[in-house]
Amino acid sequence: MAESKYDKYMVTIPATGRKGPGAWLMSNELVPGCNVNIMYNWISEQPKPNPMHMAMESHDYDEFILNIGMDPQHPEYLGGEIEGYMGDERQLITATTALYIPRNVPHGRVSWKSFERPHIQMAIKLSGKI
């Protein structure tokens, strides 16, 4: 197939071996000027180490965390229980969930309380930095 002038905007091989265990689908490093960072993890077993992210962090940009179940007959079924914190408030995720984290809100201390079935965790950061 002939190369398109828009091919430079498409990432077909996720970048790995960067910060953390995930794979990157989009960043300024992969597509200069996109100003978004999209990373995902396949959670195929109880994560190790667990907790996965012990530290609290905050950013000067908004972030979205998606925890996506992989059962097409029951898309709301996540296949695990994930505990995390926003500020000092504990969040327990037990279903397919999209979480919006506004800029400068501390979040973290993520751990899996149970694992039953593979699922995907995806982060979308409104910053192009990895």
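Each residue of the sequence shown is one higher than the one before, counting from -4 in the numbering used here.
Think of the CB as a built atom: it goes at the ideal place given N, C-alpha and C, for glycine as much as any other residue.
The structure displayed is predicted, hence computed values, not measured ones.
Counting along the chain, G79 sits inside the beta strand (DSSP E) bounded by residues 72 to 81. In terms of Cβ geometry, K120 and E58 form a close pair [threshold 8 Å]. Rounded to whole angstroms, the gap between the alpha carbons of L73 and E111 is 9 Å.
Beyond the five residues adjoining it in sequence on each side, P46 comes within less than 7 Å, by CB distance, of R104, V105, S106 in the same chain, given in chain order.
Assigned with DSSP and collapsed to three states, K3 falls in helix.
Residue environment for H102: buried (at least 16 other C-beta atoms within 10 angstroms of its C-beta).
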